[in-house]
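Notes to accompany the following structure.
Numbering (my numbering), first residue to last: 868 to 1211.
Following this line, the structure appears as structure tokens:
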């Protein structure tokens, strides 16, 4: 295994799972099974062939111009697709990999001889590194790419990433597409407002304006998603939100992610950066009413009123928040995705 891969931090919970993947790969296993994230429903198992894994790995390797002997940095769970595919990229491209225990604030080894060429994070991990351990960010200088995926990059994070001295990309993909099929550059030069497809990936829309994807990884069959998008030509698109998050209030369909984008800045200031999401709550008059769910203790009366009024000043009449619901802890998947729940 050392011919292909070096693990600089072997004494962690990733070691066993990583060894299993390596063993299966080096024994020429042909079928691999992965679990979906479970952020929008019960996790399900999906099988992929070795050729599909190699194809996906080469897409990323070619996009970033990675070569044999380069080094990847992995701080994501290996049992999920994002971490799993970092290992497969290293094996396919005969590259080294540095592994760090998955956490909100991962550790990048300080060894001078380690030069990282590609690193993968969820946006919150990268945000924490920049804010809490800027000295570790120095290890990413000269990196061919830093990818942030699993969750959407919010407006605060985008401004933060924009100033990094290495290329930062938001990724779009899922287990069903075996990780990302499109990327969006978040800093200059070449900053983008839209996602650009990797080569040989096709997209279309269904009757509900949800994205459909076809590629080698989908066995050249159309895969329907729940992501509402606007397609810009054949190779790019903008995400508008998810069909299954839509709130139906008084017969008007409202996308909570639009509301979240509008209020993120003021909420970040008013709450000190508390995690939140917008969802619907059953209501006798409107069917559903719009609620703000915050990971926080119940704010005092004046602050609670200020949060609602300040947010609602930024929103259209049909988008206005009717109630704040506070939770000690918002549910997340193993990879850090918020599990959105409608309130009954």
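Positions of the beta carbon are idealized from the N, C-alpha and C atoms, including for glycine.
| said: Please classify residue 1084 as buried or exposed, where buried requires at least 16 neighbouring CB atoms within 10 angstroms. | reply: Sequence index remark: in the chain shown, residue 1084 carries index 217 (1-based). When all chains shown are included, residue 1084 counts as buried.
| Simplified DSSP assignment, three categories, for residue 887 | Numbered from its first residue, the chain shown carries residue 887 at position 20. Note: residue 887 maps to helix in three-state DSSP.
| Per-residue DSSP class, three states only, for residue 1168 | Counting from one through the chain shown, the residue named residue 1168 turns up at place 301. Residue 1168: helix per DSSP, three-state reduction.
| query | residue 878: buried (16+ other C-beta within 10 angstroms of its C-beta) or exposed? | reply | By one-based count along the chain shown, residue 878 stands at place 11. The predicted model places residue 878 with a pLDDT of 48, which falls under 50 and marks its position as unreliable, so this point remains unresolved.
| request: Give, in chain order, every unbroken run of the alpha helix (DSSP H) that is at least 4 residues long and sits entirely within the stretch 1018–1054. | output: 1022–1028
| task | Measuring alpha carbon to alpha carbon, tell me which of 921, 1163, 965 ends up nearest residue 936. | result | Taking the chain shown and counting its residues from 1, the one referred to as residue 936 is at position 69. Selected option, being the one with the closest Cα: 965.
| query | To which residues of the same chain is residue 1203 closer than 7 Å at the C-beta, ignoring the five residues directly before and after it? | reply | Taking the chain shown and counting its residues from 1, one reaches residue 1203 at position 336. If we look at residue 1203 and ignore the five residues flanking it on each side, its Cβ neighbours are 989, 991, 1017, 1018.
| CB-CB under 7 Å to residue 1150, same chain, minus the five flanking residues each way: which ones, in chain order? | Here residue 1150 refers to the residue found at position 283 when the chain shown is read from its first residue. 1156, listed in sequence order.
| field | Span of the beta strand (DSSP E) around residue 1199 | value | Here residue 1199 is taken as the residue at index 332 of the chain shown, counted from 1. First-last for residue 1199: undefined, no H or E at that position.
| said: I'd like to know whether the C-beta atoms of residue 1022 and residue 1061 end up nearer to each other than 8 Å. | reply: In the chain shown, counting from the first residue as 1, residue 1022 sits at position 155. In the chain shown, counting from the first residue as 1, residue 1061 sits at position 194. Against a cut-off of 8 Å, the Cβ pair of residue 1061 and residue 1022 comes out as no contact.
| In chain order, what residues of the same chain have a beta carbon less than 8 Å from the beta carbon of residue 1116, not counting five sequence neighbours either side? | In the chain shown, counting from the first residue as 1, residue 1116 sits at position 249. These residues qualify, in order along the chain: 1147, 1150, 1153, 1154, 1155, 1156, 1157, 1185.
| field | residue 1028 versus residue 1126: straight-line alpha-carbon distance, rounded | value | By one-based count along the chain shown, residue 1028 stands at place 161. By one-based count along the chain shown, residue 1126 stands at place 259. If you take the alpha carbons of residue 1028 and residue 1126, they lie about 22 Å apart.
| field | Which of helix, strand or coil DSSP assigns to residue 980 | value | Taking the chain shown and counting its residues from 1, one reaches residue 980 at position 113. Reduced to three states, the DSSP call for residue 980 is coil.
| Buried or exposed: residue 1071, going by 16 or more other Cβ atoms within 10 Å of its Cβ? | Reading the chain shown from its first residue, position 204 is the one you call residue 1071. Flag for residue 1071 reads exposed.
| Same chain, Cβ closer than 6 Å to residue 959, neighbours up to 5 away in sequence not counted | Position 92 of the chain shown, counted from the first residue, corresponds to residue 959. Closer than 6 Å at Cβ, skipping near neighbours: 921, 924.
| query | Between the stretch 1073–1088 and the stretch 1040–1056, do at least 3 Cβ pairs fall closer than 8 Å? | reply | yes
| query | Quick one: complete beta strand (DSSP E) runs, 3+ long, within the stretch 921–1001? | reply | 938–941, 963–966, 985–988
| How would you write the range of the beta strand (DSSP E) that residue 1117 sits in, first residue to last? | What you label residue 1117 is simply residue 250 of the chain shown in a count that begins at 1. Element bounds for residue 1117: n/a, residue is neither H nor E.
| request: Tell me whether residue 1096 is buried or exposed, calling it buried when 16 or more other Cβ atoms sit within 10 Å of its Cβ. | output: For this step, residue 1096 is matched to residue 229 along the chain shown. With 16 or more Cβ atoms within 10 Å of its Cβ, residue 1096 is classed as buried.
| field | Cut-off 6 Å between Cβ atoms - residues of its own chain near residue 892, not counting five sequence neighbours on either side | value | Residue mapping note: residue 892 aligns to position 25 of the chain shown, counting from 1. 958.
| If residue 940 sits next to residue 975, beta carbons under 8 Å apart, how far is it from one beta carbon to the other, in whole angstroms? | The count along the chain shown starts at 1 and reaches residue 940 at position 73. The count along the chain shown starts at 1 and reaches residue 975 at position 108. Their Cβ separation, rounded to whole angstroms, is 7 Å, which keeps residue 940 and residue 975 in contact under 8 Å.
| Reference residue 1194; option with closest CA among 1166, 1052, 1030 | Taking the first residue of the chain shown as position 1, residue 1194 is located at position 327. Cα-wise, what sits closest to residue 1194 is 1166.
| In DSSP terms, what residue 849 is bridged to | Limits of the chain in this structure are 868 at one end and 1211 at the other, which puts residue 849 out of reach.
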